[in-house]
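Novice:
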Amino acid sequence: MKHPEYQLISHHLCPYVQRAVIVLQEQEIPFKRRNIDLANKPEWFLKLSPLGKVPLLLVDDDTVLFESAVIAEYLNEVSNGKMLAKDALLKARQRAWVEFASSSIVNIGQIYNAPDDETFNAAYESLGDKWKTLEANLATGKWFGGNDFSLVDAAFAPVFRYFDVIEPLTGIDFFKDVRKVRRWRANLATRPSVRNAVANDYEQRLIGFLANRDSTVGNLARAVAVAA
Ligand SMILES: N[C@@H](CCC(=O)N[C@@H](CS)C(=O)NCC(=O)O)C(=O)O
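When we follow the working numbering, the leftmost residue of the sequence shown carries the number 1083, and every step to the right adds one.
In structure tokens, the structure reads:
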């Protein structure tokens, strides 16, 4: 299939960027990735990005797409379409679970920004409630909906990846009560498109990012960063 030239404006850690990268790789679509510093956004980026956020997908250097869920759907649609159901109702449900993944990312931010135990515990509870909802809605099979890897899987893989760093830092098992979600997370971690959505230094970079937070998780990350 002949595709336009795609450039994905990205950031090393961004979970929304990872969604798009996973879809590009699943669909074997050639693209270039350009990471930017979000703490010091380039002028050209601010001109292109309506919300000042990554990811952006530049299509043939002249059209800009923003919003990861939209980018992911577009990429799926211009390839074989296999990552979303054909049936309107099933597809609507998949879109809703992609949105659920985005709201889980908000909870994760609350966890790593929590300044004290009370705030941390409240965020931990909220995220735990999300995991229980997922547990109740996971199909039988390797992926969220069963045997087909979908945009829902692409949206959750970057969510779970945070815990590869946050669990060792805090010593907390965030998935202890959700056996099926735990298995799904492990399956996602083996998928080549998921593994290759970040660079080898992802974990180091995430520790560095967390170490800049004035929070409980930030304190733990600083201790690790200093020891390294
Ligand atoms: N709803 C957006 C969220 C994207 C987003 O929040 N990106 C973050 C990085 S992970 C960003 O660019 N933040 C920069 C800022 O808010 O200034 C999407 O799905 O694409």
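Just so it is clear, CB atoms sit at the ideal spot from N, CA and C, and this is done for glycine as well.
1) Measuring alpha carbon to alpha carbon, tell me which residue in Q1109, G1210, D1296 and A1221 is nearest F1242.
2) Kindly identify the DSSP beta-bridge partner or partners of F1148.
3) I'd like to know whether the C-beta atoms of N1158 and V1105 end up nearer to each other than 8 Å.
4) Cα-Cα, which of T1298, G1300, A1310 and F1291 is closest to L1120?
5) Do you know offhand how far I1254's Cα is from V1103's?
6) Shorter than 7 Å, the distance from the beta carbon of H1094 to the closest heavy atom of ligand 1, or not?
7) D1230 to A1237, Cα distance in whole Å?
8) Quick check: S1150 and N1117, are their CB atoms within less than 8 Å of each other?
9) Within 10 angstroms of the Cβ of A1265, are there 16 or more other Cβ atoms? Answer buried if so, exposed if not.
10) Who are the Cβ neighbours of T1252 in its own chain at under 7 Å, not counting the five residues just before and after it?
11) If I follow the unbroken alpha helix (DSSP H) through K1212, where does it start and stop?
12) Would you mind reading off the limits of the alpha helix (DSSP H) that contains Q1176?
13) Can the beta-carbon of V1099 be found closer than 8 Å to that of V1136?
14) Quick check: does the Cβ of V1241 come within less than 7 Å of any heavy atom belonging to ligand 1?
15) Alpha carbon to alpha carbon, how far is I1248 from A1196? Give it in angstroms, no decimals.
16) Looking at S1184 and ligand 1, is the gap between the Cβ and the nearest heavy atom below 7 Å?
17) Which term fits A1268, buried or exposed, when burial requires 16 or more other beta carbons within 10 angstroms of its beta carbon?
18) In its own chain, which residues sit with a C-beta less than 6 Å from the C-beta of M1165, not counting the 5 before and 5 after it?
19) Do you know offhand how far N1282's Cα is from D1259's?
20) What's the call for G1227, buried or exposed, on a 16-neighbour Cβ count within 10 Å?
21) To which residues of the same chain is E1312 closer than 7 Å at the C-beta, ignoring the five residues directly before and after it?
Specialist: Short version:
1) Position 160 of the sequence shown, counted from the start, is the residue given in the question as residue 1242. From the listed residues Q1109, G1210, D1296 and A1221, the smallest Cα separation to F1242 is found for G1210.
2) The count along the sequence shown starts at 1 and reaches residue 1148 at position 66. L1138, per the DSSP bridge assignment.
3) Translated into positions along the sequence shown, residue 1158 becomes position 76. Translated into positions along the sequence shown, residue 1105 becomes position 23. Yes, the pair counts as a contact, with Cβ atoms nearer than the cut-off.
4) For the purposes of this step, residue 1120 is taken as the residue at position 38 of the sequence shown. The shortest Cα separation from L1120 among T1298, G1300, A1310 and F1291 belongs to F1291.
5) Within the sequence shown, numbered from 1, the residue matching residue 1254 stands at position 172. Within the sequence shown, numbered from 1, the residue matching residue 1103 stands at position 21. Each residue's Cα considered, the two are about 29 Å apart.
6) Working through the sequence shown from its first residue, we reach residue 1094 at position 12. Set against 7 Å, the gap from the CB of H1094 to the closest heavy atom of ligand 1 is not smaller.
7) On the sequence shown, residue 1230 is found 148 positions in, with the first residue counted as 1. On the sequence shown, residue 1237 is found 155 positions in, with the first residue counted as 1. Cα-Cα distance, rounded: 14 Å.
8) Indexing the sequence shown from 1 puts residue 1150 at position 68. Indexing the sequence shown from 1 puts residue 1117 at position 35. Cβ atoms of S1150 and N1117: not closer than 8 Å.
9) Counting from 1 along the sequence shown, the entry for residue 1265 is found at position 183. Strictly speaking, residue 1265 in this sequence is Arg, with Ala absent from that position. Around the beta carbon of R1265, fewer than 16 other beta carbons lie within 10 angstroms, which makes this residue exposed.
10) Walking along the sequence shown from the start, residue 1252 turns up at place 170. Apart from the 5 residues on each side of it in sequence, T1252 sits with its Cβ closer than 7 Å to the Cβ of V1299 and L1302 in its chain, given in chain order.
11) Here residue 1212 corresponds to residue number 130 of the sequence shown, with the count starting at 1. Segment D1199 to N1219, the alpha helix (DSSP H) holding K1212.
12) Indexing the sequence shown from 1 puts residue 1176 at position 94. In the DSSP assignment, Q1176 falls within the alpha helix (DSSP H) that extends over A1170 to N1195.
13) Numbered from its first residue, the sequence shown carries residue 1099 at position 17. Numbered from its first residue, the sequence shown carries residue 1136 at position 54. Note that the C-beta distance between V1099 and V1136 is below 8 Å.
14) As a working note, residue 1241 is residue 159 in the sequence shown. No, the beta carbon of V1241 sits no closer than 7 Å to any heavy atom of ligand 1.
15) Numbered from its first residue, the sequence shown carries residue 1196 at position 114. Numbered from its first residue, the sequence shown carries residue 1248 at position 166. Looking at the two C-alpha atoms, the distance is approximately 13 Å.
16) Looking up residue 1184 in the sequence shown gives position 102. S1184 Cβ: within cutoff of ligand 1.
17) Position 186 of the sequence shown, counted from the start, is the residue given in the question as residue 1268. Sixteen is the threshold: since fewer than 16 other Cβ atoms of the shown chains lie within 10 Å of the Cβ of A1268, the residue is exposed.
18) Mapped onto the sequence shown, residue 1165 falls at position 83. Hits under 6 Å: N1158, S1232 and L1233.
19) For this step, residue 1282 is matched to residue 200 along the sequence shown. For this step, residue 1259 is matched to residue 177 along the sequence shown. Going by C-alpha positions, N1282 is about 30 Å away from D1259.
20) In the sequence shown, the residue the question calls residue 1227 occupies position 145. G1227 should be labelled buried.
21) No statement about residue 1312 is possible, as the shown extent of the chain runs from 1083 to 1310 and does not include it.
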